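Those sequence lines, one after another, are chains A and B. Okay, so the first sequence: first residue is 15 according to our numbering, each after it adds one. Okay, so the second sequence: first residue is 9 according to our numbering, each after it adds one. Glycine included, C-beta positions come from ideal geometry on N, C-alpha and C. No experiment lies behind these values; they were computed from the predicted model shown.
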Amino acid sequence: MTPQGQRVFLGIGLAVLFFFSLFIGRMEIAPADVLAWIGQWLQGGGPEPDSKTLVFFDVRLPRSLTAVLTGTGLAVAGAVYQGLFRNPLVSPDILGVSAGCAFGAALGLVLPGAQFGIIRFLAFGCGLSAVGMAAGIARAVAVRPVLVLILAGLVVTSLFNALLMLLKYTADPYSQLPAIVFWVMGSLHRSAWTDVQLIAPVVLIGLGVIHLLRFKLNVLSLGDVQATSLGLNPRIYRVFFICISSLMVAVTVSACGQIGWIGLVIPHMARTWVGPDHRIMLPVTALMGGIFLLGADLAARSLTSAELPVSILTALIGGPIFAFLLYRNRAKGWM
Amino acid sequence: MKSVSCFCLCCFVLLAAVRLQAGIVITDDADREVEIPDQVNRLVTAFKPATLLVLSLGGADALVGVDSSSRHDPLNLAVAPELKEVVGVGSKSQDISLETVISLKPDLVILYSQKTGIQLADRLQDSGCPAVVIAPETFDSIEKNLMMLGKALDREEQAVRVIQAMHNVQETAHSRVQDLENEERKTAYYAGPSGFLSTAPSGMLQDVMIDRAGGRNAASGLHGYFKQVSPEQLMDWAPDSIILSRMIRPQAKTLLKRKQFSLLPAVKNNNIHVFPSTLAPWDFPSPLSALGVLWLGTRLYPERFADISLMQEVNVFHRTLFGQSFTEMNGYLDDELPGEHPVGHTHLPDQDRGDLSP
Numbered sequence: 015m016t017p018q019g020q021r022v023f024l025g026i027g028l029a030v031l032f033f034f035s036l037f038i039g040r041m042e043i044a045p046a047d048v049l050a051w052i053g054q055w056l057q058g059g060g061p062e063p064d065s066k067t068l069v070f071f072d073v074r075l076p077r078s079l080t081a082v083l084t085g086t087g088l089a090v091a092g093a094v095y096q097g098l099f100r101n102p103l104v105s106p107d108i109l110g111v112s113a114g115c116a117f118g119a120a121l122g123l124v125l126p127g128a129q130f131g132i133i134r135f136l137a138f139g140c141g142l143s144a145v146g147m148a149a150g151i152a153r154a155v156a157v158r159p160v161l162v163l164i165l166a167g168l169v170v171t172s173l174f175n176a177l178l179m180l181l182k183y184t185a186d187p188y189s190q191l192p193a194i195v196f197w198v199m200g201s202l203h204r205s206a207w208t209d210v211q212l213i214a215p216v217v218l219i220g221l222g223v224i225h226l227l228r229f230k231l232n233v234l235s236l237g238d239v240q241a242t243s244l245g246l247n248p249r250i251y252r253v254f255f256i257c258i259s260s261l262m263v264a265v266t267v268s269a270c271g272q273i274g275w276i277g278l279v280i281p282h283m284a285r286t287w288v289g290p291d292h293r294i295m296l297p298v299t300a301l302m303g304g305i306f307l308l309g310a311d312l313a314a315r316s317l318t319s320a321e322l323p324v325s326i327l328t329a330l331i332g333g334p335i336f337a338f339l340l341y342r343n344r345a346k347g348w349m
Numbered sequence: 009m010k011s012v013s014c015f016c017l018c019c020f021v022l023l024a025a026v027r028l029q030a031g032i033v034i035t036d037d038a039d040r041e042v043e044i045p046d047q048v049n050r051l052v053t054a055f056k057p058a059t060l061l062v063l064s065l066g067g068a069d070a071l072v073g074v075d076s077s078s079r080h081d082p083l084n085l086a087v088a089p090e091l092k093e094v095v096g097v098g099s100k101s102q103d104i105s106l107e108t109v110i111s112l113k114p115d116l117v118i119l120y121s122q123k124t125g126i127q128l129a130d131r132l133q134d135s136g137c138p139a140v141v142i143a144p145e146t147f148d149s150i151e152k153n154l155m156m157l158g159k160a161l162d163r164e165e166q167a168v169r170v171i172q173a174m175h176n177v178q179e180t181a182h183s184r185v186q187d188l189e190n191e192e193r194k195t196a197y198y199a200g201p202s203g204f205l206s207t208a209p210s211g212m213l214q215d216v217m218i219d220r221a222g223g224r225n226a227a228s229g230l231h232g233y234f235k236q237v238s239p240e241q242l243m244d245w246a247p248d249s250i251i252l253s254r255m256i257r258p259q260a261k262t263l264l265k266r267k268q269f270s271l272l273p274a275v276k277n278n279n280i281h282v283f284p285s286t287l288a289p290w291d292f293p294s295p296l297s298a299l300g301v302l303w304l305g306t307r308l309y310p311e312r313f314a315d316i317s318l319m320q321e322v323n324v325f326h327r328t329l330f331g332q333s334f335t336e337m338n339g340y341l342d343d344e345l346p347g348e349h350p351v352g353h354t355h356l357p358d359q360d361r362g363d364l365s366p
């Protein structure tokens, strides 16, 4: 399959899955219903709001869009980080952004009377401060930047995890503790248009910028010495890519909670399929990420009449896939 | 002949006294047989529902250690202000401090019946502190635990009074809704303490409460413990009423404004009610859950409950359990979501508002 063909194939796959995701759920909505609404809309005057249109336009549509945007954003951020740090173990939360977000959200859930918007804002703010702290530590140390940055990320992650545990420890076990646990587990069931409005600009602009600069990632992944000799200032681009990816991850995590494994597994799947060249691999990663999370969320909300946290499914599916990839690539290098 | 029977009686009384001196044996909720002293003067409770059970039995004087959060609980402090000064021994989620409990030299420790609680109870037992575990999760087990603790604290009469009060209040509700046909029963969605989209499936106390109040739990098709549901599922159930746990009011207020819920019958008719007591949550397992049943009835079928004053029933109930009325304890009833409402909201009748003014 040519690179072009692969992208078209994945694009069609995503579109088909998106279409199905709008028609699967607790309430029966047939494509004929949607056609009827479009007919009414064409004749002027939108469809009468009833429970079906509300489910379709205000529950499923924003939820599926959130799933695609989140999956895409997390997967691409993962691919960028793996290229940037030249390390296959890196996932987008390596610099502490997820841990920071989780702590911020837990803080919002524990604060008395805090509204939904505040929870989200605190999650976003704490996520970015965590990355800022990691970068600050790395800057202060100022030797072997890539390695120190990862270590600084570990420091910040464990710090915020400890703070999160402290919050859990003091939380009311009957109300706040389960809310924190479920929020951290990650789920798309709260998704509404406000989430789409929040995520879409950041993720789409981030994807656009990363797409335009994707060849720089190829150079950066050769290492700082090579990159400098090829006329690229590795530090500036590293800071730039970290900023963009962290923004994307922070905005998705602050809306949906921690959804694991996508940022780690999807770039590996893409790399196995199309090779390590970021110019080809990044669009494939984006599409695969969207498909993966949309599919997982579809399963999470339709397997039972209650709601399964989607992160359970992504880890359950992602883990074995990762193990399989390790087995298949056993004789090759990672890139 | 007379003297012989007299002698027998004396022997019997003497034997009984000796037997009592040696303590009594009670079987707890983990089927552990525990021998406790005849007189329990130093009591430690390790989780909130246990503390509340002891208070409702009038056993506050014997408490020398309580779970830490009970020392700040408004209801507990209204019943027994001295609880503020009692030693905190930790809590179910933060772990109990074994050392603190042992240093209090308790005659009896009341623990929860999860595995960690049972393990702790066995360890305490080995250290010479009698410990029982209880699981007050349903109406039946609450009554059973009341009887068990009544026996242990030698307050069986009060235990019977509390159980009778629970029955009376529920009977008041039941008698008014028992003739409802199945199709007349209103569907109610209960939003639990951990979020607006977290609900109580069939078999949980809240499901039983809705059922006894003449309603139908929207989530009765689900099983297990608190379950998360999707907005779509809630819209599919289309409940007539939405019942909110008290602590999720801010979140529920934001979510209920969303357009997707605007067509729910409960939202259209503004049948959204918050568990009303400002002192203690009636939707959590405790003897007070009986009041939750009555309140739910008055909200679901106001016309059938027009003849009773909820406030009066609540006051009588609290007086039976705690020796003071609800109003005297500075409690009041408030079952509205804070803030403005688009359509006219069903208010509690004025006499039920629980004004502090006489």
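_Here's the rule: buried if 16 or more other CB atoms are within 10 angstroms of the residue's CB, otherwise exposed. What is residue 96 of chain A?_
buried
*Output yes if chain C places a C-beta closer than 7 angstroms to the C-beta of residue 244 of chain B; else output no.*
In the displayed structure, chain C is absent; the protein chains listed are A and B.
*asked:* Considering just the uninterrupted stretch of the beta strand (DSSP E) at residue 196 of chain B, what are its terminal residues?
replied: 195-199
*Tell me residue 43 of chain B's beta-bridge partners as DSSP assigns them.*
B:33
*Note down, in chain order, each residue of its chain lying with its Cβ closer than 8 angstroms to the Cβ of residue 44 of chain A, except the 5 sequence neighbours on either side.*
The answer, listed in chain order, is 37.
*Along chain A, which residues have their Cβ under 7 angstroms away from the Cβ of residue 276 of chain B?*
The premise fails here: residue 276 of chain B is roughly 11 angstroms from chain A at the closest Cβ pair, so nothing lies under 7 angstroms.
_Proximal residues, the segment 107-121 of chain A versus chain B, C-beta separation under 9 angstroms_ = none
_The beta strand (DSSP E) enclosing residue 139 of chain B, as first and last residue numbers_ = 139-142
*asked:* Using C-beta distances below 7 angstroms, list every residue in its chain close to residue 363 of chain B, excluding the 5 sequence neighbours before and after it, in chain order.
replied: Confidence is the limiting factor: at residue 363 of chain B the pLDDT is only 38, short of 50, which leaves the residue's position unreliable and the question unanswerable from this model.
*Amino acids of chain B, ordered along the chain, whose beta-carbon sits closer than 7 angstroms to that of residue 10 of chain A*: The structure shown does not extend to residue 10 of chain A, since chain A is modelled only from 15 through 349, so no value can be given for it.
*Helix, strand or coil: how does DSSP classify residue 281 of chain B here?*
strand
*Between residue 205 of chain A and residue 241 of chain B, what straight-line distance do the alpha-carbon atoms span, to the nearest angstrom?*
14 angstroms
_Alpha-carbon to alpha-carbon, residue 199 of chain A and residue 202 of chain B_ = 14 angstroms
*Using beta-carbon positions only, say whether residue 330 of chain B and residue 170 of chain B come within less than 7 angstroms of one another.*
no
_Contact between the segment 141-158 of chain B and the segment 262-282 of chain B (3+ Cβ pairs under 8 angstroms)_ = no
*Are the beta-carbon atoms of residue 114 of chain A and residue 71 of chain A separated by less than 7 angstroms?*
no
_Where residue 136 of chain B falls: helix, strand or coil (DSSP)_ = coil
*Identify whether residue 341 of chain B lies in helix, strand or coil by the three-state DSSP scheme.*
strand
*Where residue 90 of chain A falls, given that 16 or more other Cβ within 10 Å makes a residue buried*: buried
*asked:* Quick check on the DSSP output: what are the complete alpha helix (DSSP H) runs of length 4 or more inside the segment 184-263 of chain B, in order along the chain?
replied: 213-220, 239-245
*Closer than 7 angstroms, Cβ to Cβ, to anything on chain A: give me those residues from the segment 177-211 of chain B, in chain order.*
Against chain A - using a Cβ distance shorter than 7 angstroms - the residues of the segment 177-211 of chain B are 201, 202, 203, 205.
*Between the Cα of residue 235 of chain B and those of B:204, B:308, B:143, spot the shortest distance and give me the residue it belongs to.*
B:204
*Where residue 191 of chain A meets chain B, residues with beta-carbon distance less than 7 angstroms*: 101
*In angstroms, rounded to a whole number, what distance separates the CA positions of residue 179 of chain A and residue 185 of chain A?*
10 angstroms
_Segments assigned alpha helix (DSSP H), at least 4 residues, entirely inside the segment 218-255 of chain A_ = 228-234, 238-243
*asked:* Measuring only the C-alpha atoms, how far is residue 180 of chain B from residue 81 of chain B?
replied: 29 angstroms
*asked:* Against residue 41 of chain A, what residues of chain B qualify as contacts under a CB-to-CB distance less than 9 angstroms, listed in chain order?
replied: 240, 241, 243, 244
*Can you list, in chain order, the residues of its chain whose CB lies under 7 angstroms from that of residue 261 of chain A, leaving out five sequence neighbours each side?*
Beyond the five residues adjoining it in sequence on each side, residue 261 of chain A comes within less than 7 angstroms, by CB distance, of 216, 220 in the same chain, given in chain order.
*Can you give me the Cβ contacts of residue 34 of chain A inside the same chain, cut-off strictly under 8 angstroms, excluding the 5 residues immediately before and after it?*
312
*How would you label residue 334 of chain A, buried or exposed, when you count the other beta carbons within 10 angstroms and need 16 or more for buried?*
With fewer than 16 Cβ atoms within 10 Å of its Cβ, residue 334 of chain A is classed as exposed.
_Considering only the alpha carbon of each residue, which of B:72, B:185, B:227, B:247 lies closest to residue 314 of chain B?_
B:185
*To the nearest angstrom, report how far apart residue 80 of chain A and residue 202 of chain A are at their CA atoms.*
8 angstroms
*Along chain B, which residues have their Cβ under 7 angstroms away from the Cβ of residue 64 of chain A?*
What residue 64 of chain A touches in chain B, judged by beta-carbon distance under 7 angstroms, is 271, going in chain order.
*Verify the CB distance criterion: does residue 187 of chain A have a CB-CB separation below 7 angstroms to chain B?*
yes
*If we call anything under 7 angstroms between Cβ atoms a contact, is residue 318 of chain B one with residue 306 of chain B?*
Yes; because the gap between Cβ atoms is below 7 angstroms, this pair is in contact.
_Given this structure, state the Cα-to-Cα distance separating residue 330 of chain A from residue 136 of chain B, to the nearest angstrom._
47 angstroms
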